[in-house]
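First the structure, in the form of structure tokens, and then the observations on it.
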Amino acid sequence: MASLRGVTEPTKRAQRMLLAVIGLQLLLSPGLAAQSRAENWPQWRGPSSLGVSQESALPTDWSADQNLAWKAPLSGLGASSPIVWGDRVFVTSQVGRAPLQGDSHPGLARENATLVAREKPIGGARGEADRTIFLVVEVFNRTDGRRLWEYRTEATGALPRLHEKHNLASSTPTTDGERVYAWFGTGQLVALDMQGRAVWTRHLGREYSPFDINWGHGSSPVLYEDLLILLCDHASASYLLALDKRTGRERWKVDRGEGLSSHSTPLVVPTPRGAELIVNSSERVDAYDPATGTFLWHAGQPRQTPVPSPIFHDGVIYLSRGYRSSPVMAIRPGGRGDASVSHLDWQTPTGAAYTSSLVYYRGLLYMTNDIGVLTCADAKTGERLWQTRLDGIFFASPVAGDGKLYLVSETGETLVLRAGRTPDIVARNDLGERFLASPAISNGQVFLRSDGTLFGIGKTHR
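See the structure below:
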């Protein structure tokens, strides 16, 4: 960087301002941040929580006997997604059967996948639940699928009644490369070192209030600086909680009232006024200061139990309000008070994805609903560019990379599409197992978690 010596004071000020703007643009660019961390997929939705990898030469075609690097049996079942750090792949599971809700949710009761779910719920029992249920964190070698270690603890406290496609291991873990943080549907939370030793544990279901959200807890933990942030929007008591990631001690807590429900994972976004924590919940979209828990703004109208998580790109938050025929919103952060009008870029009246999160890729938004309708929209305007019906039932969120979209169906197929302004399916890859978890991408490989198996697909980049 050139020295400022020998120039006039106004020029110095201009150069300083330019450097400040460049620094701010670097901070606000999730794409640049993703490139520097593309090797890892450390959390729900991967680098920058976009569901996007910056890597190239990702696999397109595979099957049970083609381009499959390895597969490893899992100790239990779960809907949580794998995460990857370096040469380690982490996944959580439930061993044993918890109570099951009496009725299947009509929004998820569809075709053959429903028959599979009813024959084999991923964690529930229609009769008596098992006397002992274990919560598991498993770690595998990324290159060959060897199991490296397993952490196991007994599920304690009140057991929520679960959906057929949901269990106590539905929250995706997160890691900073030093520790991995796993959260389960009873409210039990553990921080493990990279050798599988527990550094600290908490039981939020006992310490604060039971985890009594309908169908079971689904929000994943979020790391922000030295904080671990957790959204607990449940019937009896709803709150946001920030813990010291090193000790597990409470740093701040925001009571959000009663009767809220959300399976969504919060998102931290950068703004010129400071970082904001975005929460997609049943009453509205809320924003907080992630460092202190101070409320900043809200937007939107009440909706029932949103599942999709927000995403952020180029200064805009995109989110699906979920729950059948609800809107998709594009809203700018930085508001104060009610930002429903002042910071809204666009909103569609209907068409939101119900369970899966959106993916932003190369200027386009992609969203799929549970009955397999895939929609592509212009991210700047919200204009629908195309819509197509896919074969299959889709619960998992799509991911993107290398010019491709990956969509995993419950009936065993992964559809690979060429990203763009027209629908173009380039591969259908069937592994013959049911998939509810979203894919992860790291070091040239795609990682898929089925009911009972973890798959490593493609050749590693190193």
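At position 407 of the sequence shown the residue is numbered 407 (our numbering), and the sequence of numbers has no breaks.
Just so you know, even glycine gets a beta-carbon here, dropped at the ideal spot from N, CA and C.
Same chain, Cβ closer than 7 angstroms to residue i, five either side skipped, listed in chain order
i	result
Thr132	Gly96 and Glu154
Asp345	Val316, Ala330, Ile331 and Arg332
Thr381	Trp346
Gly259	Ala235
Leu19	The predicted model places Leu19 with a pLDDT of 39, which falls under 50 and marks its position as unreliable, so this point remains unresolved.
Asp424	Leu417 and Arg418
Gly444	Glu55, Ala57, Leu58, Gly458, Lys459, Thr460 and His461
Gln35	Caution applies to Gln35, whose pLDDT of 39 falls short of 50 and renders its modelled position unreliable; the value that the coordinates give is listed next. Cβ neighbours of Gln35 beyond the five flanking positions: Gln54.
Gly337	Trp297
Val426	Thr60, Val416, Leu417 and Arg418
Val373	Gln387 and Arg389
Gly403	Arg418 and Ala419
Ser219	Ser171, Leu231, Ser262, His263, Ser264 and Thr265
Paired residues, beta bridge with residue i - DSSP
i	result
Asn280	Val285
Val136	Ser93 and Arg152
Asn141	Arg88
Gly337	Trp297
Val52	Ala400
Lys165	Lys165 pairs with nothing; no bridge assigned.
Arg147	Phe140
Trp62	Its beta-bridge partners do not exist; DSSP assigns none.
Asp193	Arg179
Pro73	Thr453
Arg321	Its beta-bridge partners do not exist; DSSP assigns none.
Leu267	Ile278
Thr201	Val190
Inter-residue CB distance, residue i and residue j (contact presumed, cutoff 8 angstroms)
i	j	result
Ser171	His217	7 angstroms
Val416	Thr60	5 angstroms
Pro266	Ile229	6 angstroms
Thr174	Val222	7 angstroms
Ala79	Gly456	About 19 angstroms; that fails the 8 angstroms criterion.
Thr186	Thr156	7 angstroms
Leu240	Gly274	Between Gly274 and Leu240 the Cβ distance is about 17 angstroms, and since that is not below 8 angstroms, they are no contact.
Ala72	Leu436	Contact doesn't hold; Cβ gap of about 18 angstroms is too wide.
Ile169	Gly76	Reading off the sequence shown, one finds Ala at residue 169, where the question assumed Ile. Yes, Ala169 and Gly76 are in contact; Cβ-Cβ is about 7 angstroms, under 8 angstroms.
CA nearest to the CA of residue i, picked from the options
i	options	result
Thr270	Leu192, Tyr224 and Ala379	First, the amino acid is wrong: residue 270 is Pro here, not Thr. Of the candidates Leu192, Tyr224 and Ala379, the one whose C-alpha sits nearest the C-alpha of Pro270 is Tyr224.
Ala290	Glu276, Ala299, Ser56 and Gln301	Looking at the sequence provided, one finds Pro at residue 290 rather than Ala. Here the closest residue by C-alpha is Glu276.
His166	Asn141, Asp233 and Ser93	Ser93
Ser450	Trp41, Lys253, Leu227 and Leu74	Leu74
Arg428	Leu405, Pro221 and Gln195	Leu405
Ala198	Val137, Phe211, Ala440 and Glu250	Val137
Asn369	Gly392, Thr348, Arg362 and Glu383	Gly392
Asn40	Val446, Ala379, Ser442 and Arg146	Ser442
Phe295	Gly334, Thr355 and Ser80	Gly334
Glu410	Leu135, Ser356, Val180 and Phe140	Ser356
Arg146	Met194, Gln188, Asp87 and Thr201	Asp87
Ala440	Val84, Leu50 and Asp65	Val84
Val307	Gly274, Gly205, Tyr239 and Phe395	Phe395
Ala352	Val328, Arg336, Val341 and Tyr366	Val328
Val268	Leu231, Asp144, Gly157 and Ser438	Leu231
His263	Gly452, Arg336, Ser309 and Gly177	Ser309
Ala299	Val279, Asp314 and Thr305	Val279
Gly51	Val254, Leu407 and Gly452	Leu407
Arg249	Phe184, Gln195 and His203	His203
Gly401	Gln43, Met367, Phe211 and Arg362	Arg362
Ile371	Leu390, Ala379 and Asp378	Leu390
Val254	Ala379, Trp215, Tyr208 and Ile213	Tyr208
Gly177	Leu168, Gln188, Met194 and Phe184	Met194
Ser320	Gly452, Ala339, Tyr366 and Ala287	Tyr366
Val399	Ser438, His313 and Tyr151	Ser438
Own chain residues within Cβ distance below 6 angstroms of residue i, not counting five before or after
i	result
Arg246	none
Gly46	none
Gln25	With a pLDDT of 43 at Gln25, under the threshold of 50, the modelled position of this residue cannot be trusted, and the question is left open.
Pro106	For Pro106, the predicted model reports a pLDDT of 42, less than 50, meaning its position is unreliable and no value from the coordinates is stated.
Asp233	Leu260, Ser261, Ser262 and Ser281
Val190	Ala182, Ala198 and Thr201
Pro82	Val89, Val91, Ala440, Phe447 and Arg449
Thr114	Bear in mind that a pLDDT of 43 at Thr114, under 50, signals an unreliable position, so the number given afterwards is only what the model happens to contain. Contacts found: none.
Trp149	Val139 and Gly196
Tyr151	Val137, Leu192 and Gly196
beta-carbon residue i near the ligand ATP non-hydrogen atom, thresh 7 angstroms
i	result
Val316	Here there are no bound small molecules, and the ligand ATP is not part of this structure.
Residues near residue i by beta carbon distance below 8 angstroms, same chain, minus five either side
i	result
Arg421	Leu364, Cys376, Leu385 and Trp386
Leu227	Ala242, Leu243, Asp244, Lys245, Arg251, Pro290 and Ala291
Gly432	Ala64 and Gly412
Pro349	Pro327
Glu383	Ala377
Neighbour flag for residue i against chain D, beta carbons, 8 angstroms
i	result
Ser397	Note that chain D does not occur in the displayed structure, where there is just one protein chain.
*asked:* Give the list of continuous beta strand (DSSP E) stretches no shorter than 3 residues that lie fully inside the stretch 368–444.
replied: 373–378, 384–389, 399–401, 404–408, 413–418, 425–430 and 440–442
_Any beta strand (DSSP E) of 3 or more consecutive residues that is wholly inside the stretch 205–262_ = 222–224, 227–233, 238–244 and 250–257
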